[in-house]
Ligand SMILES: [Ca+2]
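Rendered as structure tokens:
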């Protein structure tokens, strides 16, 4: 009974009260008197919120127009890297894009073509983007991954050669070659379209292998195999922490003794114990970044300044456009920023040693190399 009375009051009496109040002169006098105070309180609260937000967020990453300067001729840019001084390295495919008929199964279709005759490794000035050095002609069949380690050595993967090469700083002849040229395989002396290399500061290194093997291999500084983990998946749905459907990019988080893998077709980033302090722990699962909003994870690069992973992704079922993303390594792994939507196909990413410049290599013209800059000295930001 009480409930019914309450409902009647609510339906009839309440709107009636409001209606009558509209004719109440004193009510409107009260509203007019207190209105300016109310507005100033709301404004004060808004200013407070904005100040809190700008204090919490770094200035945004912005595309640097007119980079690189000059006549830099590039094919598909499959790899980018930055050295300790901030200079940029690019690994590109010149006049040989990865096409439908490039492979017969996993074997390069036309070895008689020989290697690409252009210089496919370029060094670019960090400020202007002008090419200061170039080499690599007559060595590569289909460039993929590029890494520069802390000592300035250059590491490459070639998906047609199925090889990993290391070039000592300043040298144009490989000092270390892993895998058999043009022969794919899944044993310990072969790769199958290897995608990327990550090198720790103690010299130990990791290889992501690759399009047709689902594994990560760890080596000593001199190239002795120390371990491997992961199984190959051909489904878009992952069934375990270390089944990979194209492990496409690697980044080390040495402060946590962690190596993270962009598990491309599973749209996730999987992080494992790098075993740098205890090799027996190598490959133990540590954490995951996943969820449809990530898209297919093409490339990742860790930045210790912000304790974040910068990533470029491609469209998946949940996400329709390729994107540049910042993933929170310190917290729960959420996406902190989406700093770009790409119409083109981004393929690799590298962050500068000071953490304020990002370089993205892309597969489709007209934009094949892009620079993003975070203006940390922006006077507008406290
Ligand atoms: Ca790279």
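Numbering (our numbering), first residue to last: 1 to 382. Quick reminder that beta carbons are idealized off the backbone N, C-alpha and C, glycines included. Computed from a predicted structure; not experimentally measured.
Taken in chain order, the segment 164-242 contains no complete alpha helix (DSSP H) segment of 4 residues or longer. Burial is judged here by how many other beta carbons sit within 10 angstroms of a residue's own beta carbon; residue 304 has fewer than 16 and is exposed. If the five residues before and after residue 109 are omitted, its C-beta is found closer than 8 Å to the C-beta atoms of 101, 102, 103, all from its own chain and listed in chain order. Pairing residue 322 with residue 337, the inter-Cα distance amounts to about 14 Å. The segment 154-174 and the segment 224-236 do not touch, with fewer than 3 CB-CB distances between them shorter than 8 Å.
The Cβ-Cβ distance between residue 120 and residue 97 does not fall below 8 Å.
Between residue 213 and residue 186, the C-beta spacing is below 8 Å. Around the Cβ of residue 115, a 10 Å sphere holds 16 or more other Cβ atoms; the residue is buried. Between the segment 143-161 and the segment 197-214 there are three or more C-beta pairs closer than 8 Å, enough to call the two in contact. As the crow flies, the alpha-carbon of residue 372 is around 19 Å from that of residue 92.
Annotation for residue 275: 281, 282 place their beta carbon closer than 6 Å to its own, counting only its chain and skipping 5 residues before and after. Closest in C-alpha terms to residue 368, from the list 238, 326, 345, comes 345. In the three-state scheme derived from DSSP, where H, G and I count as helix and E and B as strand, residue 290 is classed as coil. Residue environment analysis places residue 73 among the exposed positions, since fewer than 16 neighbouring C-beta atoms fall within 10 angstroms of its C-beta. The Cβ atoms of residue 248 and residue 326 do not sit closer than 8 Å to each other. Between residue 361 and residue 90, the C-beta spacing is below 8 Å.
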